[in-house]
Amino acid sequence: MSASETLVVETAARVLADLADPQTIVQKRDDAWKAPLWSSLQEIGLDLAWASETAGGAGASLGDGFGIIREAGRAALGVPLAETLLAGWLLDRAGLTAPGGPMTVAPVRPKDHLKLDKSGRVNGRARMVPFASDVEHLVVLATGDEGPSVALVRTADCKLKPGKSLASDARDTVEFANVLPVHRALLKESRGREKDVLLLMGAAVRAQQIAGALDRILELSVLYSQQRVAFEKPISKFQAIQHSLARLGGEVAAAASAAASAADTIANTGFDDDAALLEVAAAKIRCSEAVEVGTGIAHQVHGAIGFTDEHILHRFTLRLLSWRDEFGDETFWSLKLGEFITARGPRELWPLLASR
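Written out as structure tokens, the structure reads:
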């Protein structure tokens, strides 16, 4: 990381440690922590780090933003920081100004599509939208006669059907019925990938969150194994536990590497060539696979205590399992990756892999 990225990441880590400590949240069992946290995030400019200064943001680099998101994953953050960053990025990409306050994006599921009619109103349905009922604005990607457009929509103008993720975070179905946007603009071109740009960026964001959270559950598991005593010695001394932790460490390293590679590719080349699809698909697949293995090992190491409300492990594992399915699960991205490779034929496969 560059010096600026290191500073941003360290700042995000300090704020989250002070105001969103998972153990403190579990003990208090209320949402009083959310308002001071969001106020601090806004004051520093972390919430709109990806929006340019002319669009009302901080104008930070993509690397800075991905670092913030990784720290949010390490905190198992239950507020829409990642979604607001993503919304600000999408607004800025279309040349629109970001409003104040938390935001989210739609659609987040590959089969959901929103349409713009001839009068510029948004129609359609988006399922499992993260934190929709907790925010005042939605940033949506909708397709009209002129192509994909980005629209800023008031949540109050939509019909919401409340829903919850495994971690009890809001995941709402949003109905758009002739909704007039506050602002809208055509999305800038990305070589025919305009309609997929939100899905690709969202998958890269979720991969970073997964990598951060997996890293934290590895720390928790190692610490617990050193403290928990059975048969007069720490369970970390048992070979079976050591093997499990080694496997968890391998999954964490693989997820971190894949997520970082996707983030670097987006930061350096954007979505203008095939590298973005290859890297993002591979990252989401590998990170999602690591979730299945990693959460299982962490709970095995912790035993019954890891399932209790009093322990913080569930804040991480339940969000990991939720993030795994958002912006395309591993099945969706595996099919995308297979289609991508098949379309180019066997002669291009090795040069493609070797170039990465």
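Quick note, the sequence shown lines up with residues 2 to 357 if you use the numbering used here.
Idealized CB from N, CA, C, for every residue including glycine.
- Val-80 is the residue among Glu-44, Phe-67, Thr-55 and Val-80 whose C-alpha sits nearest the C-alpha of Ala-168.
- Taking 8 Å as the cut-off, the Cβ atoms of Leu-115 and His-138 do not count as close.
- If you draw a 10 Å sphere on the C-beta of Ala-143, you find 16 or more other C-beta atoms in it, and that means buried.
- Per the Cβ contact rule, the stretch 287-306 is in contact with the stretch 209-216 (3 or more Cβ pairs under 8 Å).
- Across the set Val-136, Ile-69, Asp-273 and Glu-195, the C-alpha of Ile-69 shows the shortest separation from the C-alpha of Arg-207.
- The three-state secondary structure of Phe-317, taken from DSSP, is helix.
- No residue range can be given for Arg-122, since it is assigned to no beta strand (DSSP E) and is classified by DSSP as neither H nor E.
- Looking at Gly-96, Ala-355 and Gly-307, the one whose alpha-carbon comes closest to that of Arg-229 is Gly-307.
- Nearest neighbour of Gly-96 by Cα position, chosen from Leu-8, Ala-77 and Val-151, turns out to be Val-151.
- Counting along the chain, Ser-169 sits inside no beta strand (DSSP E), nor does DSSP assign it H or E at all.
- The alpha-carbon separation between Thr-55 and Glu-195 amounts to approximately 23 Å.
- The stretch 290-306 makes no contact with the stretch 260-279, as fewer than three CB pairs between them are under 8 Å.
- Contact between the stretch 276-286 and the stretch 335-347 is present: three or more C-beta pairs spanning the two stretches fall below 8 Å.
- For Gly-297, the closest C-alpha among the options Val-123, Val-130, Gly-89 and Ser-245 is that of Ser-245.
- By the neighbour-count criterion, in which a residue is buried when 16 or more other Cβ atoms sit within 10 angstroms of its Cβ, Arg-75 is buried.
- The alpha-carbon separation between Asp-310 and Lys-112 amounts to approximately 34 Å.
- Excluding the 5 residues flanking it on each side, Trp-90 has same chain C-beta neighbours closer than 6 Å at Trp-51, in chain order.
- The DSSP-derived three-state label of Glu-280 is helix.
- Bridge partners of Gly-145 according to DSSP: Gly-148.
- In this structure, Glu-84 sits near Thr-105, with a CB-CB distance shorter than 8 Å.
- Under the three-state reduction of DSSP, Pro-103 is assigned to coil, being neither helix nor strand.
- Along the stretch 4-36, the alpha helix (DSSP H) occurs as fully enclosed runs of 4 or more residues at 4-20 and 23-29, listed in sequence order.
- Secondary structure remark: continuous beta strand (DSSP E) runs of at least 3 residues inside the stretch 223-307: none found.
- In the structure shown, Leu-63 adopts helical secondary structure according to DSSP, grouped into three states.
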